[in-house]
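Residue numbers (this note's numbering), protein chains in the order written: chain A, 426 to 637; chain B, 2 to 11. Presented below is the structure to which this report refers.
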């Protein structure tokens with residue numbers, strides 16, 4: 426464990442909690458892409474199946490359980506409890522255009538052609554593009570609630586910090602995972618436009634609205 | 002490369 430990975434995980438946890446609280450407190454999921462949240466629940470489900478097969482550490486197990494529970498609670502709030510506030514007309518990204526390439530890539534490019542490994546690879550590739558329905562929805566509505574931008578900031582920051590974690594681990598532990606690094610780079614690059622708007626607008630007290 | 006069998010990152 427290193428400082429980049431720890432702050433990365435905490436940033437990820439913060440994002441997940443911010444979103445859950447936003448929906449719960451405002452009793453509304455306006456501006457939130459349910460499709461992205463379903464994809465994140467799928468990412469955690471396929472990646473954390475090893476919860477039952479291998480024990481890494483208490484921290485690892487506890488965080489995985491929290492992530493999975495929050496992900497499904499968020500999906501439930503969007504499509505169940507507060508579905509009247511779900512903006513389906515703007516949440517129209519064709520997720521099959523993500524899932525099919527990701528499945529193919531996971532089957533073709535992986536560390537080992539074994540079920541658990543292919544599921545892990547699928548979850549890594551899927552996570553790198555899972556935010557696209559949410560970013561697409563914001564581009565369609567032309568704006569985002571400030572709390573939603575904070576959610577996106579911490580979510581984008583988490584994988585950016587993981588990039589530094591991988592540099593650290595390569596240098597100090599000789600650990601290197603090309604699949605995770607390439608997917609992590611793609612994931613972080615997808616946030617660049619948002620990061621620019623967040624820093625130049627939201628941090629200056631303005632509302633995030635598009636076109637910039 | 003990553004240790005096979007288990008990935009220790011979240």
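Even glycine gets a Cβ: it sits at the ideal position worked out from N, Cα and C. The model shown is predicted, which means the values in this text are computed figures rather than measured ones.
Chain B residues whose Cβ lies nearer than 7 Å to that of residue i
i                      : result
residue 545 of chain A : 8
residue 481 of chain A : 7 and 9
Contact with chain B by residue i, beta-carbon distance below 8 Å
i                      : result
residue 488 of chain A : yes
residue 485 of chain A : yes
residue 475 of chain A : yes
Identified DSSP bridge partners for residue i
i                      : result
residue 633 of chain A : A:569
Amino acids of chain B, ordered along the chain, whose beta-carbon sits closer than 8 Å to that of residue i
i                      : result
residue 430 of chain A : 10
residue 434 of chain A : 11
Residue i and residue j closer than 8 Å at C-beta
i                      : j                      : result
residue 476 of chain A : residue 486 of chain A : yes
residue 635 of chain A : residue 627 of chain A : no
residue 492 of chain A : residue 441 of chain A : yes
residue 573 of chain A : residue 459 of chain A : no
residue 516 of chain A : residue 562 of chain A : yes
residue 433 of chain A : residue 557 of chain A : no
Local conformation of residue i per DSSP, three classes
i                      : result
residue 626 of chain A : coil
residue 536 of chain A : coil
residue 429 of chain A : helix
residue 563 of chain A : helix
residue 512 of chain A : coil
residue 527 of chain A : helix
residue 2 of chain B   : A caution first: residue 2 of chain B carries a pLDDT of 42, below 50, which makes its placement in the model unreliable, though a value can still be read off. Here residue 2 of chain B sits in coil by DSSP.
residue 479 of chain A : coil
Short CB-CB distance (under 8 Å) between residue i and chain E
i                      : result
residue 492 of chain A : Here chain E cannot be found, since the structure's protein chains are A and B.
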